[in-house]
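Numbering (the working numbering), first residue to last: 632 to 1166.
The beta-carbon is built from N, C-alpha and C at its ideal position, and this holds for glycine as well.
This report concerns only the one structure given below.
Dropping the structure here:
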């Protein structure tokens, strides 16, 4: 029995020893796991810090969750961003966080060249905004808001090789001339013969809209539908990012802005459907050689292309029409309004331009329009005035943002995939290292230089550069030069009695003047051209 008890006690002691060893092993394993976790956490933290260190510095004041979005909600955000980049030391590449998205603001010509040239393909995508889906027929429909893909490449070729060519621009010169003559007569009539003030922006919007519409479908903007001019204006209010664009889990809160977008889209779609259907009926009864030679006819001819990638449907055509209208009308009217306001506030510049206009006009019939050929051959000061206007008041101070398709490096920084990039052309155009006295309106600064706005000089980028450069730039410049030359030729411009010229700008509405330019056009010694006959 004692032997049995001894054996039992030995077994129990052995079991206790085994349990103790197990506890020790478990404790050791726990220590190893904790130590490994701490080591892993430390390494991850160091890597995170390193990644943050490689991303451009950001200004303080980022809010929880939304980050730096409040900066874009302030009055004239481009001016605030320029202050941060240029005067507070966060440029030329400043980091931001817009909700869940990393972002950069580029504010030097060298950095802009690296982004738009060296990294052009990486940053060839557009940010996917809700308004592209709800207004512009889908993210990958309208050229301006599409991602970079084979379809976009084909559409871009269509724009550059068939719609906005130099040959087509020349073929449509008569449209610009006819609408210019109409504008001159409307101004004379609306001013009651140079007595009453007219809203110049309204008249310029009407002219630019009619030129764009006639080039596209051979009718003026309101001819197919009286409400179309108002719908085009409404796009300036609806084509804005929503909260869900930056915080995807809050997209359910976008119900009200999306409702407005959808309502606008339905109204536009009804008008565009009517325009296309009317043309198809015309094609069914009219010989091919009598059909209009406009953009719509070119696009309808692509519907059954033998090259599948070039096939387009009605929604593609509508998206292109919306792209053209939204991209040209506002830009032209706002830029021309700024040009005349800047000239009126700088009388010496106005005097020099008028002298140039008169020196060219004396070799023509007094009633004849000044043409784009006149500008190219003999009006360098007018070209300088327009360059200076686009430098001082670009309609898109930050351009349309791009987004990176992969991780990339810019200078000393590493930018993750999905980084949104804003090119601050407004700040670049005010860089004192590039421009002497940059806040002054001085068209003479371009004398003797080859600096222009066509995307080759990163010091002046009102139309962008690279793959995403504005495809309608050539046509837009033709309208700007033609219009300004003839407004100066045929009219003197005065403010109404007792009123002063306000030069403040309005944020978000295409960065137009805060107060529309209301001026009195007084006919000069040149008789107005006949609405139908004089070039």
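- With respect to the 9 Å criterion, residue 685 and residue 702 are not classified as neighbours on the basis of their beta carbons.
- Linking residue 866 to residue 900 through their CA atoms gives a straight-line distance of about 13 Å.
- In the displayed model, residue 954 falls within a helix according to three-state DSSP.
- In the displayed model, residue 946 falls within a helix according to three-state DSSP.
- The DSSP-derived three-state label of residue 705 is coil.
- Residue pairing by DSSP places residue 726 opposite 735 in a beta bridge.
- If you check the CB distance, residue 1054 and residue 1095 come in under 9 Å.
- Residue environment: residue 944 is assigned as exposed (fewer than 16 neighbouring CB atoms within 10 Å of its CB, all protein chains considered).
- Spatial neighbours of residue 1153 in its own chain (CB-CB distance under 7 Å, excluding positions within 5 residues in sequence) are listed in chain order as 825, 1122, 1123, 1125.
- In this structure residue 738 touches residue 1059 by the C-beta definition: roughly 6 Å separates them, less than 8 Å.
- Nearest C-alpha to residue 832 among 1128, 1131, 1114: 1114.
- With fewer than 16 neighbouring CB atoms inside 10 Å of its own CB, residue 982 falls in the exposed class.
- The DSSP-derived three-state label of residue 1058 is helix.
- If you check the CB distance, residue 952 and residue 903 come in under 9 Å.
- Under the three-state reduction of DSSP, residue 1136 is assigned to strand.
- Taken in chain order, the unbroken stretches of alpha helix (DSSP H) that lie wholly in the segment 797-828 and span 4 residues or more are 797-802, 804-821.
- For residue 687, there is no enclosing beta strand (DSSP E), as DSSP marks it with neither H nor E.
- Nearest to residue 783 by alpha-carbon distance, out of 771, 792, 791, 793, is 771.
- Secondary structure of residue 854 (DSSP, three-state): coil.
- The beta carbon of residue 1007 is closer than 6 Å to none in its chain, skipping five residues each way along the sequence.
- Rounded to the nearest angstrom, the gap between the Cα atoms of residue 707 and residue 864 is 20 Å.
- Here the segment 1097-1114 makes contact with the segment 830-850; the two share three or more CB pairs at distances below 8 Å.
- For the pair of segments examined, the segment 1062-1081 was found not to touch the segment 1042-1053: the number of CB pairs separated by less than 8 Å stays below three.
- For residue 1151, the enclosing beta strand (DSSP E) stretches over residues 1149-1154.
- In the structure shown, residue 1121 adopts helical secondary structure according to DSSP, grouped into three states.
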